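Trainee:
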Amino acid sequence: MLRLILPFFIFVSQSTLAITNIESQRLNNTSPGTKGNISFTLDGEVGESDEFTLGSAITLIRSYTKDEWIVLLDREYSEVDDEVNTDETLLHIRHLTKHSDHWGHEVFTQYEEDLFADLAKRSIFGAGARYTLDANPELKTANHFGLGAFYEDEEYASDITLDNEQNVRLNIYWAYRNRLAQNMTYTSTLYFQPDIRDVSDNKGIWQNAVTISVTSTISLSVTWDALYDTQAPDGSDDSELEYKSIIIYNF
Numbered sequence: 223m224l225r226l227i228l229p230f231f232i233f234v235s236q237s238t239l240a241i242t243n244i245e246s247q248r249l250n251n252t253s254p255g256t257k258g259n260i261s262f263t264l265d266g267e268v269g270e271s272d273e274f275t276l277g278s279a280i281t282l283i284r285s286y287t288k289d290e291w292i293v294l295l296d297r298e299y300s301e302v303d304d305e306v307n308t309d310e311t312l313l314h315i316r317h318l319t320k321h322s323d324h325w326g327h328e329v330f331t332q333y334e335e336d337l338f339a340d341l342a343k344r345s346i347f348g349a350g351a352r353y354t355l356d357a358n359p360e361l362k363t364a365n366h367f368g369l370g371a372f373y374e375d376e377e378y379a380s381d382i383t384l385d386n387e388q389n390v391r392l393n394i395y396w397a398y399r400n401r402l403a404q405n406m407t408y409t410s411t412l413y414f415q416p417d418i419r420d421v422s423d424n425k426g427i428w429q430n431a432v433t434i435s436v437t438s439t440i441s442l443s444v445t446w447d448a449l450y451d452t453q454a455p456d457g458s459d460d461s462e463l464e465y466k467s468i469i470i471y472n473f
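So the numbering used here is basically just the index in the sequence shown, starting at one, shifted up by 222.
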């Protein structure tokens, strides 16, 4: 089933941390078949400063009995007073091999760039193991755990004094779903990514969402995220909060 997602309200911080939540896309996608969504974000303000933000994303998930493919393509563009301040592209590809109903291993790669951000480009290549505690998609709850590592190549903007970085990070995550009522679902995803050589250098995200099915085809989802990076591109300990309200059209 494909889903068209239309955010009608969005508040985000001014900078973006380089971490992508894939688990939120596949918490409900445990059975064979093809699923996906197309999302659009349109945000603006007219006043002392004229702001305009346009975002779009395409996610495709193809599940087989023993394999699963995920492809995510994301674009974001924004202007303030007719001056471009965000031009971001992200591509994430992941393949999961299922050894049983509970265990599997996955490999993934990701590339992202933003022509106007402190972190101009980032490439990652990684692998890991994935454990599904609740393998039945019809159960009220679902739990997924992952442990792996990835190589990270970060290229900073020319005006940033920091040297470009090549790191190897652990990738630890937990994804949870709970059906609160017949038409209401709560999901939570937690990522922790410390540098193997320097555990004081770590990144993380905690994403939560409540989704309510209004009709058989329309749902309302409210998400709130907490993100942090102990060594942000500007050299500070950076933390962010993001809030989104989303209308989902299922077809």
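Backbone N, C-alpha and C define an ideal beta-carbon position, used for all residues, glycine too.
Note that the structure is a prediction, hence the values are computed from the model and not measured.
Please report how far the alpha carbon of S461 lies from the alpha carbon of K288, in whole angstroms.
Mentor: For this step, residue 461 is matched to residue 239 along the sequence shown. For this step, residue 288 is matched to residue 66 along the sequence shown. One alpha carbon belongs to S461, the other to K288, and they sit about 38 Å apart.
Trainee: Among all the DSSP beta bridges, which residues are the ones paired with P254?
Mentor: Here the question's residue 254 lines up with position 32 in the sequence shown. The partner list for P254 (beta bridge, DSSP) is empty, contrary to what the question assumes.
Trainee: Please classify E305 as buried or exposed, where buried requires at least 16 neighbouring CB atoms within 10 angstroms.
Mentor: In the sequence shown, the residue the question calls residue 305 occupies position 83. The residue in question, E305, is exposed, as its Cβ has fewer than 16 Cβ neighbours within 10 Å.
Trainee: Less than 8 Å between the CB atoms is what I'm expecting for N400 and I434, so what's the real figure, rounded?
Mentor: If you number the sequence shown from 1, residue 400 lands on position 178. If you number the sequence shown from 1, residue 434 lands on position 212. The pair is not a contact, with the Cβ atoms about 14 Å apart (cut-off 8 Å).
Trainee: Taking the alpha carbon of Y395 as the point to measure from, which residue in D385, L402, N386, S410 has its own alpha carbon closest?
Mentor: Working through the sequence shown from its first residue, we reach residue 395 at position 173. The option with the nearest alpha carbon to Y395 is S410.
Trainee: Can the beta-carbon of R344 be found less than 7 Å from the beta-carbon of E298?
Mentor: Mapped onto the sequence shown, residue 344 falls at position 122. Mapped onto the sequence shown, residue 298 falls at position 76. Going by C-beta atoms, R344 is not nearer than 7 Å to E298.
Trainee: Using DSSP's beta-bridge definition, name the partner residues of S300.
Mentor: Position 78 of the sequence shown, counted from the first residue, corresponds to residue 300. In DSSP, S300 forms a bridge with T275, T308.
Trainee: Using DSSP with H/G/I as helix, E/B as strand and the rest coil, what is L224?
Mentor: Locating residue 224 in the sequence shown gives position 2, where the first residue counts as 1. Here L224 scores only 49 on pLDDT, less than 50, and its place in the model should not be relied on; the value that follows carries that caveat. Looking at L224 - three-state DSSP - the assignment turns out to be strand.
Trainee: Return the first residue and the last residue of the beta strand (DSSP E) that Q415 is part of.
Mentor: In the sequence shown, counting from the first residue as 1, residue 415 sits at position 193. In the DSSP assignment, Q415 falls within the beta strand (DSSP E) that extends over 406-416.
Trainee: Between which two residues does the beta strand (DSSP E) holding T363 run?
Mentor: If you number the sequence shown from 1, residue 363 lands on position 141. Element bounds for T363: 363-378.
Trainee: Between the C-alpha atoms of A351 and V421, what's the straight-line distance to the nearest angstrom?
Mentor: For the purposes of this step, residue 351 is identified with residue 129 of the sequence shown, where counting begins at 1. For the purposes of this step, residue 421 is identified with residue 199 of the sequence shown, where counting begins at 1. If you take the alpha carbons of A351 and V421, they lie about 21 Å apart.
Trainee: What whole-angstrom Cβ distance do H314 and V329 have, given they're in contact under 8 Å?
Mentor: As a first step, residue 314 must be located in the sequence shown, where it is residue number 92. As a first step, residue 329 must be located in the sequence shown, where it is residue number 107. The pair is not a contact, with the Cβ atoms about 12 Å apart (cut-off 8 Å).
Trainee: Determine the contact status of Q429 and D451, defining contact as a CB-CB distance below 7 Å.
Mentor: Position 207 of the sequence shown, counting from 1, holds the residue named residue 429. Position 229 of the sequence shown, counting from 1, holds the residue named residue 451. Cβ atoms of Q429 and D451: not closer than 7 Å.
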